[in-house]
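Peer 1: Line order of the protein sequences matches chains A and B.
Per our numbering, the first sequence starts with residue 263, numbered consecutively.
Per our numbering, the second sequence starts with residue 2, numbered consecutively.
Note that the Cβ used here is the ideal one computed from N, Cα and C, for glycine as well.
To start, I am sharing the structure in question, which I have written as structure tokens.
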Amino acid sequence: MRIDCDIHPGLEGTRATLLPYLDAHWQEQVTSRGIDGLDLTSYPTTMPLSCRPDWRPQRGKPGSNFALLKAQALDGLGASYAICNVLYGAQAAFDPYLAAAFCRAINDWIAAEWLAREPRLRASIVVPMQAPDLAVEEIERLAGDRRFVAVLVLVQGETLLGRRHFWPVYAAAERHRLPIAVHSGSQYRTAPSSIGWPSYRLEYYIAEAQAHQAQLLSLILEGVFGKFPGLKVVMMESGVSWLPAFMWRANKTWKGVRVEVPWVDRPPADIMRDHVRLTTQPFDAPPAQADVERLIEQIGSERMLLYASDYPHWQFDGDCAIPQGFPASLVTRMCRDNPLETFARLEAPA
Amino acid sequence: MADVLERADAPGAAAVTAQDKLKVIDCDIHPSLHARADLYPFLAKRWQHHLETYGGHLRTPFTSTTPYPRSSPLLARRDAWPPSGGPPGSNLAFMRQQHLDPINIEFGMLQVLDLLVVSQQNQEFGSALQRAINDWQLECWSRPEPRLKPSILVSQDHVEAAVAEIERCAATGNYVQVNISPRANEPLGRRRYWPLYAAAQAANLPLGIHVGGYGGHAPTGGGWPSYYNEEHHSNAHSMAAQLTSLIIEGVPERFPRLKFVFIEGGFGWVPAISWRMDKHWQRFRDEVPHVRRPPSETVRERFWFTTQPIEEPEHAGDLRAVIEWIGVDRLLFSSDYPHWDYDDAHSAFKIPLTDAERRKIFNGNAGAVYALG
């Protein structure tokens with residue numbers, strides 16, 4: 263059994279795709295104002311990373327062809343289930359009402375045109391984090407549909423995810439057994455790192471790993487996991503191999519200055535092992551297999567990694583979706599047990 | 002020998018005995034002004050008046066303290082306040098007694114943080130301050146204590162003044178590196194900063210990049226954090242991002258004799274960012290055709306990393322894996338005296354090092370990078 267925790271169905275555009283799922287007001291707005299082209303700057307559709315060459319459809323956006331996705335991501339990679347994470351710009355819009363309307367439309371579209379047509383597909387709920395109260399509304403609206411198994415947010419948003427104004431979102435997620443999926447990608451509000459705006463997309467993509475780390479620190483130090491003990495967070499498309507050194511430094515700094523966060527009552531690495539999961543594509547591997555094994559040992563838990571292909575993003579060739587050098591016991595856990603434990607609404611098939 | 006020393010400073014430990022004989026080069030020592038007036042012999046009246054009246058102008062909310070309250074006053078070790086008064090790091094005799102002599106320091110690299118010269122928004126003022134700070138380091142620290150080596154501290158964002166200051170100081174033959182901030186207004190790889198690198202290379206001086214500064218950008222890619230802990234950790238992320246910027250912009254290739262020293266960022270993050278750069282460089286090669294070989298090769302040839310704050314893996318033995326991944330030749334010991342997260346040369350490394358490794362990390366690597374001895 264193999265559960266793919268991160269695939270990306272492509273959305274052609276607001277007018278081409280979402281119009282039937284918008285209410286009359288937003289249909290009129292979209293049409294009269296030409297609101298379209300909200301593909302995220304983080305993933306230009308023509309960039310090599312955005313689509314593996316042999317997965318690129320002859321027409322349309324990467325991942326937008328249902329038959330191709332079914333043949334390539336599900337049949338081709340042998341997925342028992344695959345979790346759809348839609349990266350179209352609703353999460354990055356500035357107008358909170360537009361964001362909320364587009365998130366609703368995306369969620370209804372994925373349910374009607376993907377989940378309803380293919381029983382192996384599940385999806386994350388796209389939410390407008392620009393307005394946490396509206397994000398909660400969207401979670402509540404869809405909580406009854408068990409095909410939605412997570413809440414999706416971008417790793418680079420307006421403010422760090424641990425901040426108190428997001429807590430109602432986490433309360434709703436915990437209540438409905440939905441993990442928070444924190445996916446690479448940016449709202450382009452602040453620079454991708456403390457050093458400012460880089461020249462190249464490559465730099466930006468590399469910096470995503472540090473953004474994932476900053477979000478974990480924020481969630482831990484603000485006390486989110488103490489407040490919401492049932493909550494899990496899944497770092498998606500983060501690169502993974504930064505994790506051990508990050509844990510060490512997080513532990514060390516916490517020991518030194520924990521006086522400012524007295525509610526964090528145990529080492530951050532212990533909290534990560536209980537609450538944080540990571541998807542395995544891309545895996546920024548060390549060059550030698552022995553080093554991969556060492557790194558896996560340093561992570562110190564077989565429960566943290568979740569198998570993902572990141573389809574249709576070009577992270578690997580052929581069918582080598584599982585990184586080389588992972589021990590067999592880990593592979594079993596990351597393909598089946600860990601996803602089932604993390605995405606609690608995803609029931610094991612009979 | 003035990004694989005891991007329970008207490009590396011335990012009496013009789015073989016590592017300590019060997020360490021005691023070794024002369025140490027400390028690549029990060031912070032001298033402090035006793036008072037602003039210390040600078041006045043080196044600062045024109047106009048700028049003295051400016052400093053007294055308007056003070057520094059930094060992209061940070063408070064005039065007289067840091068945005069995130071630290072864990073101790075002035076970041077300092079609690080025992081580093083000189084008995085004679087003044088802030089930690091301001092008294093040379095006490096620095097000798099507390100740090101230079103007991104640690105057996107052969108050379109110490111001065112890193113000045115006072116007044117955050119590197120981040121002053123008023124660039125004329127910043128230029129006057131950087132000149133004063135550079136003269137003060139030389140006259141008040143290095144001349145009376147020749148073990149202490151001054152750095153040419155420049156504000157990278159006034160490139161023209163910085164180049165002139167590099168040339169002025171380098172001509173004296175007394176300075177060992179050019180220092181800039183990793184929190185510049187733009188990523189350091191960008192073209193506007195290249196004249197600095199040309200000047201440093203022409204002077205045969207390494208480029209030291211010490212953590213800290215206020216470039217105006219949030220400390221994380223997800224916005225402004227709440228806690229000092231997060232800001233402290235962001236130092237490592239700034240360094241990782243600058244390593245990326247310098248390499249992906251092709252700076253090492255364009256300045257083939259320039260050496261890069263990353264100071265006070267730690268080093269545990271270096272292997273993973275190297276693997277990440279290599280992997281994704283392959284996918285983006287046609288975006289950056291000027292980057293002709295795997296970034297990790299450039300890291301291993303052109304970049305050095307100071308050791309403080311020392312990495313403390315959950316299993317101490319993993320420190321050895323990290324050192325092997327980076328290469329023992331890339332590490333330069335640093336103490337960060339007199340700050341709270343100081344590393345003691347006797348006890349910082351919680352694993353046994355061979356004599357050869359110890360000689361490299363505590364002395365030989367820095368001696369070669371800075372052409373000392």
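Measuring alpha carbon to alpha carbon, tell me which residue in A:Tyr-466, A:Val-486, A:His-438 and A:Ile-372 is nearest B:Thr-221.
Peer 2: With distances taken between Cα atoms, B:Thr-221 lies closest to A:Tyr-466.
Peer 1: Counting Cβ pairs closer than 8 Å, one from the region 415-429 of chain A and one from the region 456-476 of chain A, do we hit at least three?
Peer 2: In short, these stretches touch, since the Cβ pair count reaches three.
Peer 1: Between which residues of its own chain and B:Pro-12 is the CB-CB distance below 8 Å, once the five residues before and five after are set aside?
Peer 2: Any reading at B:Pro-12 needs caution, since the residue's pLDDT is 42, under 50, leaving its predicted position unreliable; the model's value is listed next. Once the five neighbours on either side are set aside, B:Pro-12 has no close Cβ partner at all.
Peer 1: Beta-carbon of A:Val-417 versus every beta-carbon of chain B: anything under 8 Å?
Peer 2: For A:Val-417, the answer is yes, since a Cβ of chain B falls inside 8 Å of its Cβ.
Peer 1: Whether or not the region 372-388 of chain A and the region 331-344 of chain A are in contact is what I'm after, with contact meaning three or more pairs of Cβ atoms, one per stretch, closer than 8 Å; do they touch?
Peer 2: Contact holds: three or more Cβ-Cβ distances are below 8 Å.
Peer 1: Report the rounded CA-to-CA distance for A:His-270 versus A:Cys-346, giving the unit in angstroms.
Peer 2: Roughly 6 Å separates the two Cα atoms.
Peer 1: Can you pull out the residues from the region 449-466 of chain A whose beta carbon lies closer than 8 Å to at least one beta carbon of chain E?
Peer 2: The displayed structure is made up of protein chains A and B, and chain E is not among them.
Peer 1: What does the alpha-carbon distance come out to for the pair B:His-218 and A:Gln-320?
Peer 2: Each residue's Cα considered, the two are about 41 Å apart.
Peer 1: Taking only beta-carbon atoms, is A:Lys-494 less than 8 Å away from chain B?
Peer 2: It does not; no Cβ of chain B falls within 8 Å.
Peer 1: Residues in its own chain within less than 7 Å of B:Pro-339 by CB, not counting five upstream and five downstream?
Peer 2: Taken in chain order, the residues that qualify are His-31, Ala-77, Arg-78, Ala-81, Pro-89 and Gly-90.
Peer 1: If you follow the alpha helix (DSSP H) that B:Ile-167 is in, where does it begin and where does it stop?
Peer 2: 160-171 is the extent of the alpha helix (DSSP H) around B:Ile-167.
Peer 1: Evaluate the contact criterion for the region 168-178 of chain B versus the region 137-152 of chain B: three or more CB pairs, one atom per stretch, below 8 Å.
Peer 2: With the cut-off at 8 Å, the region 168-178 of chain B and the region 137-152 of chain B touch.
Peer 1: Mind pulling the alpha helix (DSSP H) runs of 4 or more residues that sit fully within the region 74-115 of chain B?
Peer 2: The region 74-115 of chain B contains these whole alpha helix (DSSP H) runs: 93-96.
Peer 1: Should A:Glu-484 be flagged as near chain B, meaning a C-beta pair shorter than 8 Å?
Peer 2: Output row for A:Glu-484: interface = yes.
Peer 1: For B:Phe-334 versus B:Val-118, is the C-beta spacing smaller than 8 Å?
Peer 2: Taking 8 Å as the Cβ cut-off, B:Phe-334 and B:Val-118 do not qualify as a contacting pair.
Peer 1: Using the C-alpha atoms, what's the distance from A:Asp-395 back to A:Leu-404?
Peer 2: Cα to Cα, the separation comes out at about 15 Å.
Peer 1: Taking A:Ala-606 as the reference, give the member of A:Leu-377, A:Arg-439, A:Thr-594 and A:Trp-288 with the closest Cα.
Peer 2: Selected option, being the one with the closest Cα: A:Arg-439.
Peer 1: Which residues, in order along the region 534-567 of chain A, keep a beta-carbon less than 8 Å from a beta-carbon of chain B?
Peer 2: The region 534-567 of chain A vs chain B, Cβ under 8 Å: Pro-544, Asp-546, Ala-547, Pro-548, Pro-549, Asp-553, Arg-556, Gln-560 and Gly-562.
Peer 1: Answer with buried or exposed for A:Ala-552, where buried requires no fewer than 16 other C-beta atoms within 10 angstroms of its C-beta.
Peer 2: A:Ala-552 should be labelled exposed.
Peer 1: From A:Val-431 to B:Phe-126, what does the alpha carbon distance come to, in whole angstroms?
Peer 2: C-alpha separation (whole angstroms): 47 Å.
Peer 1: Which residue marks the beginning of the beta strand (DSSP E) containing A:Arg-384, and which one marks its end?
Peer 2: Looking at the DSSP string, the run of the beta strand (DSSP E) that includes A:Arg-384 is 383-388.
Peer 1: Determine which residues of the region 284-305 of chain B have a Cβ less than 7 Å from any Cβ of chain A, and write them out in chain order.
Peer 2: Per Cβ criterion, the list reads Arg-284, Phe-285, Glu-288 and Val-289.
Peer 1: What residues of chain B sit near A:Leu-423, judged by a beta carbon separation below 8 Å?
Peer 2: What A:Leu-423 touches in chain B: Gly-223.
Peer 1: Please state whether the Cβ-Cβ distance between A:Ala-435 and A:Ile-401 is less than 8 Å.
Peer 2: Their beta carbons are under 8 Å apart, which means A:Ala-435 touches A:Ile-401 by this criterion.
Peer 1: Would A:Ser-480 count as contacting chain B if we go by Cβ distances under 8 Å?
Peer 2: It does: the Cβ of A:Ser-480 has a partner Cβ on chain B nearer than 8 Å.
Peer 1: Tell me, to the nearest whole angstrom, how far the beta carbon of B:Arg-303 is from that of B:Phe-261; I am working on the premise that it is less than 8 Å.
Peer 2: Right, their Cβ atoms sit about 6 Å apart.
Peer 1: Cα-Cα, which of B:Trp-305, B:Pro-83 and B:Asp-342 is closest to B:Ala-369?
Peer 2: Measuring from the Cα of B:Ala-369, the nearest candidate turns out to be B:Trp-305.
Peer 1: Assuming A:Thr-604 is part of the beta strand (DSSP E), what are its boundary residues?
Peer 2: Per DSSP, A:Thr-604 belongs to no beta strand (DSSP E); it is in the alpha helix (DSSP H), 600-604.
Peer 1: Would you call the region 196-212 of chain B in contact with the region 489-506 of chain A, where contact means no fewer than 3 C-beta pairs closer than 8 Å?
Peer 2: No: the two stretches stay apart, fewer than three of their Cβ pairs being nearer than 8 Å.
Peer 1: If you check the beta carbons only, do A:Pro-585 and A:Ala-547 fall under 8 Å apart?
Peer 2: Yes, the Cβ-Cβ distance between A:Pro-585 and A:Ala-547 is below 8 Å.
Peer 1: Output, in chain order, the set of chain A residues within a Cβ distance shorter than 7 Å of B:Thr-173.
Peer 2: Those within 7 Å of B:Thr-173 in chain A number zero; the least Cβ separation is about 31 Å.
Peer 1: Could you give the distance in angstroms between the alpha-carbon of A:Phe-328 and the alpha-carbon of A:Trp-317?
Peer 2: Looking at the two C-alpha atoms, the distance is approximately 12 Å.
Peer 1: I want to see whether chain A comes within less than 8 Å of B:Glu-187, judged by CB atoms only; does it?
Peer 2: So, interface residue.
Peer 1: Alpha carbons only, please: which of B:Trp-326, B:Leu-206 and B:Trp-225 is nearest the one belonging to B:Tyr-215?
Peer 2: The candidate whose alpha carbon is nearest that of B:Tyr-215 is B:Trp-225.
Peer 1: Three Cβ pairs or more, each shorter than 8 Å: is that satisfied between the region 31-45 of chain B and the region 344-351 of chain B?
Peer 2: Not touching, per the Cβ criterion.
Peer 1: So, B:Lys-361 versus B:Asp-330, is the Cβ gap smaller than 8 Å?
Peer 2: Contact: yes.
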